[in-house]
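Novice:
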Amino acid sequence: MKCPACLSPKLVQRTRNLPYTYNGETTDIPKVSGQYCSACGESVLDATEAARVSAAMLEFNKQVDTAKGKAIATRHTSRKVTPELPELSDDMLARAVLKRGSDARQTRALKR
Ligand SMILES: [Zn+2]
Numbered sequence: 084m085k086c087p088a089c090l091s092p093k094l095v096q097r098t099r100n101l102p103y104t105y106n107g108e109t110t111d112i113p114k115v116s117g118q119y120c121s122a123c124g125e126s127v128l129d130a131t132e133a134a135r136v137s138a139a140m141l142e143f144n145k146q147v148d149t150a151k152g153k154a155i156a157t158r159h160t161s162r163k164v165t166p167e168l169p170e171l172s173d174d175m176l177a178r179a180v181l182k183r184g185s186d187a188r189q190t191r192a193l194k195r
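All residue numbers for the sequence shown refer to this note's numbering, where the first residue is 84 and numbers rise by one.
1) Going straight from the alpha carbon of C120 to that of E132, what length do you get?
2) Looking only at its chain, what residues have a beta carbon closer than 8 angstroms to the beta carbon of K85, apart from the 5 residues adjacent to it on each side?
3) In the structure shown, what three-state DSSP assignment does L141 receive?
4) Evaluate L199 with the Cβ neighbour count: other Cβ atoms within 10 Å of its Cβ, from every protein chain shown; 16 or more gives buried, anything less gives exposed.
5) Can you tell which of A154, L128, K145 has the C-alpha that lies nearest to the C-alpha of T110?
6) Does the beta-carbon distance from V147 to Y105 come in below 9 angstroms?
7) Grouping DSSP H, G and I as helix and E and B as strand, with all else coil, what is K114?
8) Sorry if obvious, but does the Cβ on E132 come closer than 8 angstroms to a heavy atom of ligand 1?
9) With a threshold of 8 angstroms (Cβ to nearest heavy atom), would S91 be considered close to ligand 1?
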């Protein structure tokens with residue numbers, strides 16, 4: 084079997100942690116079994132592992148979105164706070180997030 088990315092024949096069956104990056108945050112998806120290309124690092128997974136990995140990725144995406152949503156709220160509040168305006172309302176935070184991007188999940192997280 085050849086690597087689908089670089090066509091190197093150097094695929095090795097291994098179990099390793101698969102690094103995954105989303106939105107600037109990195110995680111390791113633990114113990115992913117599959118064929119790994121020793122030339123370029125591409126991984127070729129069977130259907131079961133691929134499904135598990137994509138579920139783990141989606142879960143991580145959610146965590147990152149939630150964390151970023153909180154970070155945006157915190158940052159926004161601390162930057163905009165003045166002695167005259169100690170706190171922004173939830174409504175203002177929600178609108179600030181809407182302006183930043185169209186990620187509805189972030190908006191829901193903030194409104195909760
Ligand atoms: Zn490769």
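Ideal Cβ positions, reconstructed from N, Cα and C, are used throughout, including at glycine. No experiment lies behind these values; they were computed from the predicted model shown.
Specialist: This is what the structure gives:
1) 16 angstroms
2) S91, P92, L94
3) helix
4) Residue 199 lies beyond the stretch modelled for the chain, which goes from 84 to 195, so this question has no answer here.
5) K145
6) yes
7) strand
8) Every heavy atom of ligand 1 is 8 angstroms or more from the Cβ of E132, so no.
9) yes
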